[in-house]
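In UniProt numbering, the protein residues as written are 1 to 270. Note that the Cβ used here is the ideal one computed from N, Cα and C, for glycine as well. All values derive from a computational prediction rather than experimental measurement. Worksheet: one structure, shown below.
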């Protein structure tokens, strides 16, 4: 795999393991992070051998969010003119949003494995993933409120659909820490594992199960779920009918049906 400054990426069978790799900085999201994640997910999207993705963090923590040094560098670019400053900041924010949009729009399922701190921008990241899992020591916080700002890279837009409006508001207004068990109770994470080792083993196991399914069926399922976030039920039914008019002609359907009838494990092409 290519070398990255902020990440370690490896292909384990059909699973791309994307690890934030700045443990000495609590995996804070520096300038390289925001550009590299776009390149990584472009590669994932274009590589048929990848059928599922696991995002994790090296060391004791998933991520402490945006690197304060990056914020300082942006502040240094600002001048005296309010209009030009606003244009600069808006451009920077939209660029950072694109980084997590790349995760959200990925055609492959993305699973987040969280241990330790998951703060600020890290919440934005996991909100863009398909599923989230946690070790018992995981702690979640929408920390931007304590920095005197509103979260602006996806948390406030994506999280209401995951944990509900009221709980999002409580977390966003207070910035309080939410532990792993509470995160599971409110639907922020699907499962809680006793430690980091068990977390990675469990999440990789789920990813392998997904990778064993028809990639045509998985891709279609993700596309339909994403479409329904912004459309009526009738629109979604119309869309899936048109989609499956093509996709049901895939050889994967015959492979899956034959395997089911013969009680064998299906083997799908990439």
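Buried versus exposed call for residue 154 [16 or more other C-beta atoms within 10 Å across all chains shown]: By the beta-carbon neighbour count (other beta carbons within 10 angstroms, threshold 16), residue 154 is buried.
Determine the contact status of residue 30 and residue 52, defining contact as a CB-CB distance below 8 Å. no
Quick check on the burial criterion: 16 or more other C-beta atoms within 10 angstroms. Buried or exposed for residue 36? buried
Would you grab the beta carbon distance between residue 140 and residue 118 for me? Rounded to a whole angstrom, and I think it's under 8 Å. The C-beta distance from residue 140 to residue 118 rounds to 5 Å, short enough to meet the 8 Å contact threshold.
Top-ranked residue by Cα proximity to residue 20, from 28, 14, 80: 28
List the endpoints of the continuous alpha helix (DSSP H) containing residue 173. 165-174
Contact under 8 Å by Cβ, residue 226 with residue 243: no
Could you give the distance in angstroms between the alpha-carbon of residue 22 and the alpha-carbon of residue 70? Taking the Cα positions, residue 22 is about 14 Å away from residue 70.
Relative to the C-alpha of residue 257, which candidate in 48, 214, 224 has its C-alpha closest? Closest in C-alpha terms to residue 257, from the list 48, 214, 224, comes 214.
Between residue 189 and residue 198, which are expected to be in contact by the criterion C-beta below 8 Å, what is the C-beta distance as a whole number of angstroms? No, residue 189 and residue 198 are not in contact; Cβ-Cβ is about 14 Å, not under 8 Å.
Three or more beta-carbon pairs under 8 Å between the segment 157-168 and the segment 199-218, yes or no? no
Could you tell me if residue 65 is buried or exposed, where buried requires 16 or more neighbouring beta carbons within 10 angstroms of its beta carbon? buried
For residue 146, which of helix, strand or coil comes out of DSSP? helix
If you draw a straight line from the C-alpha of residue 110 to the C-alpha of residue 261, how long is it? 30 Å
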